[in-house]
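Novice: Structure below; questions to follow.
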Amino acid sequence: MEINRSRLLETFIDLVRIPSNSFNERAVADYIKDELSLFGYTVEEDNAGEELGGNSGNLLIRVPATADGKGLKKLLIGAHMDTVEDGIHHVEPVVDDAGNIRSAGDTIVGADDKTGVSIIMEMLRKISEEKIPHGELLITFTIAEEKEARGVQEIPAELYKGFDAGIALDHSNPDSIIVGAPAKIAILITIHGVGGHAAFPEQRINAAQVLARTVSRLPSKRLDEFSTANLGIMHSGTAINVIPGKAYAEYELRSHNEDLLDFHLTRTLATIESTVREARLYISDSNKGGIGDDNSDECPIRKATVEVDVVSCYESYRLDDDSAPVTILKNAITKSGLEFKSIIAQGGSDANILNARGLPSAVLGCGMHGVHGTTERANLDEMVKCAEILLRALGE
Ligand SMILES: [Zn+2]
-16 MEINRSRLLE
-6 TFIDLVRIPS
4 NSFNERAVAD
14 YIKDELSLFG
24 YTVEEDNAGE
34 ELGGNSGNLL
44 IRVPATADGK
54 GLKKLLIGAH
64 MDTVEDGIHH
74 VEPVVDDAGN
84 IRSAGDTIVG
94 ADDKTGVSII
104 MEMLRKISEE
114 KIPHGELLIT
124 FTIAEEKEAR
134 GVQEIPAELY
144 KGFDAGIALD
154 HSNPDSIIVG
164 APAKIAILIT
174 IHGVGGHAAF
184 PEQRINAAQV
194 LARTVSRLPS
204 KRLDEFSTAN
214 LGIMHSGTAI
224 NVIPGKAYAE
234 YELRSHNEDL
244 LDFHLTRTLA
254 TIESTVREAR
264 LYISDSNKGG
274 IGDDNSDECP
284 IRKATVEVDV
294 VSCYESYRLD
304 DDSAPVTILK
314 NAITKSGLEF
324 KSIIAQGGSD
334 ANILNARGLP
344 SAVLGCGMHG
354 VHGTTERANL
364 DEMVKCAEIL
374 LRALGE
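In this note's numbering, the protein residues as written are -16 to 379.
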């Protein structure tokens, strides 16, 4: 089962030249459909794009078991079509002598996850060309993985009911698989103050300042052995001479331990509420008035208010050593001559969703490195190895 190295490289190069930031996966989806139809595959597209506001749905390929593969494992094998925001820029890939593919300009290359997509496409071509035995397969090319794995959430679990394992290609070295990942919660904070003209600060509550005070009391660091917190986004204000009436922030919590996640969430919400509650002022006769003051007689107390939206992005998972994805991939990796490693990730992926929905799923390394930045690269040797491992996994 020798992998067609040049065809794999060619597919990868084609894919990275097509911009496909999240919710803009249309052109990549069309490329995959065209290419795989040449090999006799029927590529279905669901309506996840319409549901989530993107221009493409998830692609699904149901491959029935071969006549000689009835006893083999039923597998879901997937990769995501979208890239982070930098992927909207034109990517010009450059290949060096060591088989590394990088971007020539100051963009990502899109190895995350176009290594995975091109490897799965190569696997499908090999299956069709060489009549390789396999059990029932569901191939998923998802949208919006970089947006809290929202695309895969649109795929009904009935489609992989009774399957043995899920394998997501979305990680670095092909000798290693991810067997555990944290849960993540996004906390969206909107603070309403009392805005107005900067020259008349009396009776106003500056929402930007209330937000600043609030987030300064929220830790943005490692919280414990299992958990981290991060303040990712803050927005407020329209002009230097305007007191902002509204301010917005996004804060995330992630943890491998759901109890600790609950604990940190409770503490976070209490901190937000108590800090915002401090922002109130009493309207006395001495600070009444001022240009643009329209409702100073209504109530002697003015206060900031806050809306908090808590969004559970995905749940954590931890696979047992004897679970199907671990044993299948361990055998396939070992038989490919590599030393098997299992690792715990700090980020989520489509596998978090599949595990939460009852399909034990691991993430296999597929040759991407330095992802989400301009130093990102793909390694062709590792991609070839990953394709080989994947083909072996079909027979485990
Ligand atoms: Zn990825």
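Glycine included, every Cβ here is placed at the ideal spot set by N, Cα and C.
With distances taken from CA atoms, which of L264, Y265 and P165 is nearest D245?
Specialist: When each option's Cα is compared against that of D245, the closest is P165.
Novice: Going straight from the alpha carbon of L248 to that of E105, what length do you get?
Specialist: Cα-Cα distance, rounded: 44 Å.
Novice: Please return the same chain residues whose Cβ sits closer than 6 Å to the Cβ of V294, not counting the five positions on each side in sequence.
Specialist: Correct list, in chain order: A169.
Novice: Tell me where the alpha helix (DSSP H) around T251 begins and ends.
Specialist: Residues E241 to R260.
Novice: Determine, using beta carbons only, whether N335 and S299 come nearer to each other than 9 Å.
Specialist: In contact: N335 and S299 (Cβ atoms closer than 9 Å).
Novice: Which residue wins for smallest C-alpha separation from E75, given the options I266, R108, H63 and D89?
Specialist: The shortest Cα separation from E75 among I266, R108, H63 and D89 belongs to D89.
Novice: Take R200 as the anchor and find which of K53, D(-3) and L252 has the nearest alpha-carbon.
Specialist: Comparing Cα-Cα distances from R200 to each of K53, D(-3) and L252, the minimum goes to L252.
Novice: When every heavy atom of ligand 1 is checked, does at least one fall within less than 8 Å of the C-beta of S332?
Specialist: The answer is yes for S332.
Novice: Pick helix, strand or coil for R263, following the three-state DSSP scheme.
Specialist: R263 falls in the strand class under three-state DSSP.
Novice: Is the beta carbon of K130 closer than 9 Å to that of N(-13)?
Specialist: The answer is no: Cβ separation not under 9 Å.
Novice: Label L42 either buried or exposed according to how many other C-beta atoms from any shown protein chain fall within 10 Å of its C-beta, with 16 as the threshold for buried.
Specialist: Buried, by the Cβ-count rule.
Novice: What number of angstroms, rounded off, separates the C-alpha of T454 from the C-alpha of L337?
Specialist: The first residue shown for the chain is -16 and the last is 379, placing residue 454 beyond what the model contains.
Novice: Let me check understanding here. Comparing Cα to Cα, which of T125, G220 and A31 lies closest to A190?
Specialist: When each option's Cα is compared against that of A190, the closest is G220.
Novice: By how many angstroms is the C-alpha of R9 removed from the C-alpha of T25?
Specialist: For T25 and R9, the distance between alpha carbons rounds to 17 Å.
Novice: Measuring alpha carbon to alpha carbon, tell me which residue in H218, I223, I44 and L171 is nearest H180.
Specialist: The shortest Cα separation from H180 among H218, I223, I44 and L171 belongs to I223.
Novice: Measure the alpha-carbon distance for T(-6) versus Q329 and round it to whole angstroms.
Specialist: Approximately 30 Å, taken between the alpha carbons.
Novice: Measure from the alpha carbon of Y265 to the alpha carbon of each residue in S257, G378, R285 and Y297, then state which is nearest.
Specialist: Minimum Cα distance to Y265 is reached at R285.
Novice: Can you tell which of I138, L374 and D158 has the C-alpha that lies nearest to the C-alpha of L342?
Specialist: Of I138, L374 and D158, the residue nearest in Cα terms is I138.
Novice: Would D303 be called buried (16 or more neighbouring beta carbons within 10 Å of its own) or exposed?
Specialist: D303 should be labelled exposed.
Novice: How many angstroms separate the CA atom of F22 from the CA atom of V162?
Specialist: Roughly 33 Å between the two C-alpha positions.
Novice: Looking only at C-alpha atoms, which of R340, P202, H355 and H175 sits nearest to K144?
Specialist: Comparing Cα positions, the closest option is R340.
Novice: May I ask whether a heavy atom of ligand 1 can be found less than 8 Å away from the beta carbon of D69?
Specialist: No - ligand 1 has no heavy atom lying nearer than 8 Å to the Cβ of D69.
Novice: Starting from the C-beta of E33, find all residues in its chain whose C-beta is less than 8 Å away, skip the five residues before and the five after it, and write them out in chain order.
Specialist: The residues are G40.
Novice: Please confirm if the segment 139 to 159 is in contact with the segment 80 to 89, defined as three or more CB-CB distances below 8 Å between the two stretches.
Specialist: Flag = no, the segment 139 to 159 and the segment 80 to 89 do not touch.
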